[in-house]
Each structure stands twice: as C-alpha cells, then as structure tokens.
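Report on the following structure.
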Amino acid sequence: MISVLFVDDNTDLLAQVHSFLEKTGEIKIDNAHSIKQAIEKLKGRNYDAIVSYEQQPDVNGIEFVSDMNGIEFIKYLKSVGNVTPVILLGRRGPGKIAVMEVVHGTEITFPKSGDIRPQVFEMVNLIKQTMLRKRSEREIKAQNEQLAAILSATPLGIFQARDGIIEWVNRQFPAMLGYEESQMVGKDLKTFLSSPEEYDLLSRELQFKRDAQGVSHAGCLFMKKDKKTLACQLQVQPLDTRDIGKGGTFVVTDISEKQKIAGMLKESEAKYREVVQNTRSIIIRMDMQGTITFFNHYALTFFDYTSDEVIGKNVNSTIVPAKTRSGNDLSMMADDLGFNAEGYAVNVNENVRRNGDRVWIAWINKAIRDDKGHIVEILCIGHDITDRKRDGVVRISTDTWKDLVIADSDVKEEVFDAVFHICTEISIEGREGKPVGTTFLIGDTKNVLEKSRQIILNPFEGHKPEARLVMNPELKENIKALAQLDGAFVITGDGFVESVGRYITVDTSSVKLPGGMGTRHNSVAAITQVTKTVGIVVSQSGGVITIFRNGQILKKITL
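The sequence shown lines up with residues 0 to 558 when you count with numbering that gives the first Met the number 0.
Laid out in structure tokens, this is it:
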C-alpha cells in the first residue's frame, strides 16, 4: 500500500480526484486541508509521496491568500531535508487541472467535467513511478554513502586513474603519503613514485603479473611528501587488460612494516642459526626412524664426525652403541625417543663417539609435529654429563642436574650422589651376573614410613648410626646384596639407611606414567606425590634408572 499525503484545496474537482485515488485500493490517503496542516503532519510521520495544490483557487471571484504556494512548499521541504517526492496539482484555464511531477516534468490534464478515471489511473501510475524512482534514489544514495564510509574506513589506500592521471582517491591513500586529497587528484601518477624508472618497472609488472581473476599485482616504492619512500603492494583492476596504461582501480597496501619485520626475522634467524651452530650443546634432529636430518657444529665436533658422515645416517650406526656396557640392547633407542618425545623432562643415555669412547648425555627431546599434529621429527638437545674426574672410571656426573631433583627436600647432595652411583652399579653389574631391580626412597622419612609397611625383617634395625651411613664405602656391597630382596630402601635425607624391605601402601589410581612401566614405578610415583621424598627405581629388565619427584619422572637413564 502506497501512503500519500493529499493536500486538498477544498474544491469539487480535487474531491473527485481524492475519492477515485482511494477507490483504486492501492493508495492510502492521509488528508490535509492546507499546506500548514500538511507540514504539521510531516513532523510526525513519513509518506511515500505528497500530492498538493500549486495555488489556492479563488471562490466566486474572491482570491484567498494561502500560507504558502506549492513551489514554496517544495522549497520548505528541501530546507528541512525532507526528500519525499511531490506532485503538484495546478490549474490550466477554466475547468482543467494539470498534475505535474516537478522533478521530471510529467503532466496530466484533468477535465472539469466528465469521466476522469483514465486520468486518475495515469495519476496512480505517476505516483508509483515517482515513489519507486525516489526509493531507488534513496537506496543508491545509501549504498554510495556506505561504500564511501567503507572506502574511508579501510586501512588500504584506493585510487582510480585514467591514462596515468589520478581521478579519485579515498581518504587513506593521501594520508599514507602525507598529502591532502586535493593535492593528488588531477596529478600524474608518476609524480608520486620514487623515480621514473620505478614507474616504468611498475607498469611492466602490472601488465604481466595477473591472477586468475585478471587482477594485476606488483610491488613499488611511493615517494611521500617528506621525500621518504614507502614500500607498497599494488593490486589493480584494469580498465583494459591489454593496456594497463589506460588505468583502472588501484588498491595500495603499506608493506613497509611487514618488510621491516621480515628483515628483523631474517636477522634473528641468522643469529639463531649462529647460536645453534656455536652453542656448547649437542643439537640433533632426526625423523621417526632415527635418520639424522641435522647435526649442529658442536655435535659434529663432540662426536668427531663431518656433516656428510652423519646427515642421512641412522643414530644406531653412529652415536648410539649397539649395546650398553651392561649388555642391554640400544637398537630401539630412536623409537623410544620418538614415543616418549614429551613424556619426561630428561632422558640420560650412554652414547659413543667415533673413536669408541663411551659418554653419558642428558637429552631433552621435543616432538616436531606437522599441521595435523602428527610427530614427524624429534629435536634432541643434549649435554655431556660424563664424570671424568676419576681415573680409569667413566661415571655419570650429577653436577648439572641434581639441584633440580633434591630441590625443596631434606636430601643432601652427597647423599643423593652416593645412592645414585650405587644404583648405576646395580644397573650395570646386577648381582652375581643376574639383573636386579630395586627401589630407593630418600628423605622425608617420617612420612614415607607412615605410608609404607615392613614386609621382611629390617636388617638394619638396632645397628649404630655410623654403620648405617650410605656414604660409607664398606656399606655399599651390603646394599647391593640386599637390593635382591623385595621392597624399598628408606634412607634419611642426611644419609642413614632407616629400613629395607618396605611395601608402599599409597593408592596409585591417580598416577599416569608412560606405557611399559610396572608396579614398582607406579608405587614410587604415587608416594612421591604425597611426600617430599626422592624416588629412584632400577628396572630389573633393562637396568633403566628412573628418578621421581612429585609423582613425575624427572630423569630416565639408560645404562
């Protein structure tokens, strides 16, 4: 339904027009008896069209003075920003009324008498056309305003050029170069590039570098008002794809910050490569089959290889001995590293140099994943922890990592060292040629005893303190012999063996360890969760030493 404000001059002819318009069923009329009354109605609502008299007619020869005529009414509407289309009814001689659409000059003449329905139907069409035209104009204006707002708000510079002359710019493009809009429109594009050669190069690149949609791409250097250059990327929708010189619409992206970051990143990568190559850490990358893909300079020097001798080779034929000194098979070490790439903090392994020297390396292993989250490589960062202080004996040094193990506990450094080295001897030697598995709980003795029970007679009960001191060399062989018994050793933080053969009674349901670890490991992990004890487990199968704190594996050492 079309809403029309009908300003009536109170004559019979307009009353007829009013009546016929309502009877069409397409128009809803709101009547006003004067322009003044129409103005009041317009303050409260909007209409699709306004039909008004052009001039108040005379009655019986008497001319009435209107508050304003139709033209003045239109001027008033424009002054207050009302864009509703207006159709004026003007008298053209005796007995005739002309319907005028003032914008496009359309005119329909009504006779004073007779059938006026054909003219009314023409008037209805005129009202429709006027309304639709005005609505279309409003929509186009709104779209243009929206487009202008988008073009002004975008951080991208946009301009249109024809035959090398800039015809239009958005607000951002002049701002990027430090100009006003008026200083760029109508100017030659060449004047805003860093050099004539830059313009020629840009033209060539834009002519030939196009994507599938026909949009040209090229990088260029614009010259700012302050004579500094600005690196930009241009995208162009050309007017004629055969000749970019004819112009088109240009989108300008400031890439100066991106180039700066890229330069910094390149410099950072160079420094990183230098650090990686020259750091005193062994840095290796290998795939899931153990094939070496990277060896840093320090690793090459430490193991005494050249890059060609290790890249593409398997770790099992280069830096990993076939068997440990205790006879354990290490051929699956690469698989273990891959499986446990993020399972625990440090993995200590016995490795071998090119000349056959055995060394102890503490490895931190990090999984490298592809876009789908699958592990594709392992990054291994190693530190040599071989203790070379003792002539003829190669042992694992604890100097670089024991602080982490005994932190926030009552365990003394020398106590931990003594117990750890007993564990390494048990791992390597076993007892009477047979492998032995055992457990040591060091520190927080009172809580450990409360959360465990004796399952055999305690061999150390009643002995003098000095006879129970773990640092006593004469006690070491007794401990290694007693390691064959079931249960754990409980040792105080200051080094006294409190008990042998303790069964841990802590619930293990909350413990989460990597696969392959048995009851002994779960029990020790559980008791370290609820006490401040340091737990060390020597596996009977393989002799692997695992160190626990707070329910977590801190180190796993393969001997």
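Ideal Cβ placement from N, Cα and C applies to all residues, glycine included.
Does DSSP put Asp583 in a helix, in a strand, or in coil? Within the shown structure, residues of the chain are numbered from 0 to 558, placing residue 583 beyond reach of any answer.
Using a threshold of 8 Å, state whether the C-beta atoms of Gly517 and Ile526 are closer than that. no
Starting from Phe191 and walking both ways along the alpha helix (DSSP H), at which residues does that stretch end? Looking at the DSSP string, Phe191 is not in any alpha helix (DSSP H), and its letter there is neither H nor E.
Can you tell me which of Gly442, Asp443, Met470 and Phe488 puts its alpha carbon nearest to the alpha carbon of Pro458? Phe488
In chain order, what residues of the same chain lie with their CB nearer than 8 Å to the CB of Asp162, ignoring the 5 residues before and after it? Gly244, Lys245 and Gly246
Assuming Glu166 is part of the beta strand (DSSP E), what are its boundary residues? Ile164 to Val168
Looking at Thr23 and Val85, is the spacing between their C-beta atoms short of 8 Å? no
Which class does Val533 belong to by DSSP, given the choice of helix, strand or coil? strand
For Met183, I'd like the list of residues in its chain whose CB is within less than 6 Å of its CB, leaving aside the five on either flank, ordered along the chain. Ile165, Val168 and Pro173
Beta-ladder partner(s) of Gln453, from DSSP: Arg501
For His382, three-class secondary structure by DSSP: strand
Just how far apart, CA to CA, sit Arg548 and Gly432? 31 Å
Can you name, in chain order, every residue of its own chain whose Cβ lies under 7 Å from the Cβ of Tyr178, other than the five neighbours on each side? Lys224
Exposed unless 16 or more other CB atoms sit within 10 angstroms - verdict on Asn9: exposed
Here's a check: name, in chain order, each residue in its chain whose Cβ is nearer than 7 Å to the Cβ of Asn521, leaving out the five neighbours to either side. Thr507, Val510 and Leu512
Per-residue DSSP class, three states only, for Met222: strand
Below 8 Å, how does it come out for the segment 535-542 and the segment 433-450: are there three or more Cβ pairs, yes or no? yes
Give every residue of the same chain whose Cβ lies closer than 8 Å to the Cβ of Asn446, excluding the five residues on either side of it in the sequence, and list them in chain order. Val529, Thr530, Lys531 and Thr532
Which word fits Arg452, buried or exposed, when buried means at least 16 other C-beta atoms lie within 10 angstroms of its C-beta? exposed
Where the alpha helix (DSSP H) containing Thr300 begins and where it ends: His296 to Phe302
What does the alpha-carbon distance come out to for the pair Val418 and Leu264? 48 Å
By a C-beta neighbour count over all protein chains shown, 10 Å radius and 16 as the cutoff for buried, is Tyr46 buried or exposed? buried
On the CB-based measure, 16 or more other CB atoms within 10 Å of its CB, does Tyr502 come out buried or exposed? exposed
Of the listed residues Ile318, Asn313 and Ser135, nearest to Arg353 (C-alpha basis): Ile318
Counting C-beta neighbours from all protein chains within 10 Å, is the total for Asp334 16 or more, i.e. buried, or is it exposed? Its pLDDT being 47, under 50, Asp334 is placed unreliably by the model, and nothing is read from it.
From Ile374, Glu121 and Val250, pick the residue whose C-alpha is nearest to that of Ala366; which is it? Ile374
Buried or exposed by the 16-neighbour rule on C-beta atoms within 10 Å, applied to Met130: buried
Local conformation of Ser267 per DSSP, three classes: helix
Can you tell me whether Lys259 is buried or exposed? The criterion is at least 16 other CB atoms within 10 Å of its CB, across all chains shown. exposed
In the DSSP assignment, find the beta strand (DSSP E) that holds Gln288 and state where it starts and stops. Segment: none, Gln288 is in no beta strand (DSSP E) and carries neither H nor E.
Can you give me the Cβ contacts of Ser2 inside the same chain, cut-off strictly under 6 Å, excluding the 5 residues immediately before and after it? Lys27, Tyr46 and Asp47
Please list the terminal residues of the continuous beta strand (DSSP E) segment that includes Ser2. Ile1 to Val6
Where do the N-terminal and C-terminal ends of the beta strand (DSSP E) with Gly515 fall, by residue? From DSSP, Gly515 is part of no beta strand (DSSP E); its letter is neither H nor E.
Determine whether the Cβ of Ile165 lies closer than 8 Å to any Cβ atom of chain B. Absence of chain B from the displayed structure is noted, only one protein chain being present.
DSSP has Ile552 in a bridge; who is on the other side? Phe547
Between the segment 279-286 and the segment 248-255, do three or more beta carbon pairs fall short of 8 Å? no
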